[in-house]
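**Student:** Protein chains in written order, with this note's numbering: chain A, 55 to 288; chain B, 55 to 288.
We put the CB at the ideal spot given by N, CA and C, even for glycine.
1) Identify which residue in 167(B), 145(B), 163(B) has its Cα closest to the Cα of residue 183(B).
2) Give the straight-line distance between the Cα atoms of residue 239(A) and residue 70(B), rounded to the nearest whole angstrom.
3) In chain A, which residues lie less than 8 Å from residue 256(B) when you measure between Cβ atoms?
4) Starting from residue 255(A) and walking both ways along the alpha helix (DSSP H), at which residues does that stretch end?
5) If contact means a Cβ-Cβ distance below 8 Å, which residues of the segment 142-158 of chain A contact chain B?
6) Could you name the residues of the segment 87-99 of chain A whose beta carbon sits closer than 9 Å to any beta carbon of chain B, in the order they occur along the chain?
7) Contact criterion: CB-CB distance below 8 Å. Does residue 63(A) meet it with respect to chain B?
8) Return the first residue and the last residue of the alpha helix (DSSP H) that residue 263(B) is part of.
9) Residues of chain A with CB closer than 8 Å to the CB of residue 261(B), please, in chain order.
10) Applying the criterion that 16 or more other CB atoms from any shown protein chain within 10 Å of the CB defines a buried residue, is residue 90(A) buried or exposed?
11) Taking the beta carbon of residue 237(A) as the centre, do at least 16 other beta carbons fall within 10 Å, making it buried, or is it exposed?
12) Cβ closer than 9 Å: which chain B residues qualify as neighbours of residue 276(A)?
13) With a 10 Å radius around its C-beta and 16 neighbouring C-beta atoms as the bar for buried, classify residue 272(B) as buried or exposed.
14) Are there 16 or more other CB atoms within 10 angstroms of the CB of residue 286(A), so buried, or fewer, so exposed?
15) To which residues of the same chain is residue 219(A) closer than 7 Å at the C-beta, ignoring the five residues directly before and after it?
16) Under three-state DSSP, which class holds residue 185(B)?
17) Among the residues of its own chain, which have a CB less than 6 Å from the CB of residue 127(B), if the five just before and after it don't count?
18) Suppose contacts are defined by Cβ-Cβ distances below 8 Å. Is residue 151(B) in contact with residue 92(B) by that definition?
19) For a test of the three-state rule: what should DSSP assign to residue 158(A), helix, strand or coil?
20) According to the neighbour-count rule (16 or more other Cβ atoms, all chains shown, within 10 Å of its Cβ), is residue 268(A) buried or exposed?
21) Tell me, please, which residues DSSP counts as bridged to residue 83(B).
22) Using C-beta distances below 6 Å, list every residue in its chain close to residue 73(A), excluding the 5 sequence neighbours before and after it, in chain order.
23) Return the Cβ separation of residue 276(B) and residue 159(B) in integer angstroms, given the expectation that the two are a contact with Cβ distance under 8 Å.
24) Quick check: the Cα distance between residue 284(B) and residue 174(B), rounded to an integer number of angstroms?
25) Indicate whether residue 211(B) and residue 81(B) have their beta-carbon atoms separated by less than 8 Å.
26) Starting from the C-beta of residue 162(B), find all residues in its chain whose C-beta is less than 6 Å away, skip the five residues before and the five after it, and write them out in chain order.
27) Where does residue 197(B) land, buried or exposed, given buried means 16+ other C-beta within 10 angstroms?
28) Based on the DSSP secondary-structure assignment, which residues constitute the bridge partners of residue 77(B)?
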């Protein structure tokens with residue numbers, strides 16, 4: 055899918071926020087790193103360990119949510135003890151699969167390019183510290199990243215705006231001059247609540263139509279397409 | 055998502071094909087059995103074995119295609135030898151994951167109910183015999199199934215119409231009195247080419263909007279919703 059823009063106003067009035075943003079707030083899972091499908095398998099294995107089950111597609115649709123909200127959807131009948139067990143089994147299964155984590159095309163190039171342009175780069179995730187450490191290893195890009203959020207920084211994850219609110223503060227740039235990039239409908243909703251322009255990528259496996267409906271001002275096949283756009287505008 | 059119907063004509067003129075069909079041509083992977091995400095992981099591992107890679111979401115979008123067409127998309131630069139290696143590694147990795155195959159909600163109930171109503175039930179798949187054998191084990195429903203297609207029956211898999219053409223013949227019912235149920239855009243396209251009404255389910259992880267665009271006359275969250283519809287109409 056090519057970039058889509060719902061506006062027909064002249065470019066001078068509504069310049070592409072991807073080109074003018076002073077800070078990029080970047081989701082990681084499904085946006086920079088190809089992890090969503092491994093998360094689905096890990097949650098499915100964790101449910102099985104707790105003698106319950108949910109279809110993979112319904113787990114997929116909940117990826118990126120706060121884990122409490124994710125469990126409300128995929129294990130609605132589980133009691134607190136089962137929920138704790140499912141969460142802890144997910145972490146174990148996901149850790150077993152973490153050697154399969156791969157960069158998405160253009161991920162490192164995007165971070166480097168933004169850094170070179172002087173755009174602030176903030177990773178806006180609510181993953182636990184252990185997962186963030188592994189993400190940083192895969193990205194191998196710390197020299198281009200200005201700040202990171204983790205589970206420890208926020209009370210409530212996406213679709214609540216907290217992750218992006220902290221990311222905006224760390225970027226040191228007003229919300230209206232930030233752009234948030236994510237792959238899940240929850241990213242789009244959280245960005246809107248935080249007053250940030252949301253841009254979607256389809257590499258998490260969520261269709262562009264769903265991201266647009268959730269508030270994306272434009273949708274790209276993946277961050278490689280955003281790299282190409284930035285390079286063409288240079 | 056609830057069932058959607060693009061028609062506003064009176065019910066008497068356009069009765070729901072799900073209720074009036076004399077034969078159901080059923081896709082299996084992603085429709086009756088929760089296998090698509092395991093296929094994605096198996097293909098991704100197979101690509102890695104051949105020193106290549108593709109994002110999981112782009113593999114997911116190609117699941118359900120003829121494997122030659124799937125490889126054109128996920129490994130466009132592979133030569134014939136590499137393509138053979140990737141295919142054979144996929145089979146091996148998928149076989150390793152096959153203990154994780156699970157029924158989708160309502161799958162067995164649908165087969166039983168259709169059989170009891172006197173509707174012909176044909177599994178319309180182009181999976182290799184070995185995978186079909188494993189599917190039948192998981193379904194445990196042979197007493198309710200009238201016919202099956204496999205890779206051996208067709209030259210060209212979905213989105214070409216061959217699978218459904220053979221399924222129609224085995225159903226022994228004219229195409230216009232058959233309904234095809236599937237989860238992938240390829241199922242919808244193949245059904246249209248075979249002259250069969252296509253109905254989509256979202257359990258394969260493809261959004262309803264995408265299925266509708268590919269020709270689905272209605273889309274359901276999963277086959278459980280079709281079971282509920284049949285039961286309400288009984």
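**Tutor:** Answer, in terms of the structure:
1) 145(B)
2) 32 Å
3) 111
4) Unbroken run through residue 255(A) is the beta strand (DSSP E), 251-255; no alpha helix (DSSP H).
5) 154, 156, 158
6) 88, 89, 90, 91, 92, 94, 95, 98, 99
7) With a pLDDT of 42 at residue 63(A), under the threshold of 50, the predicted position of this residue should be treated as unreliable, though the coordinate-derived value follows. Chain B, which has no Cβ nearer than 8 Å to the Cβ of residue 63(A), makes this no.
8) 262-267
9) 260, 261, 263, 264
10) buried
11) buried
12) 109, 111, 112
13) buried
14) exposed
15) 248
16) helix
17) 116
18) yes
19) coil
20) buried
21) 87(B)
22) 287
23) 6 Å
24) 15 Å
25) no
26) 195
27) exposed
28) 174(B), 232(B)
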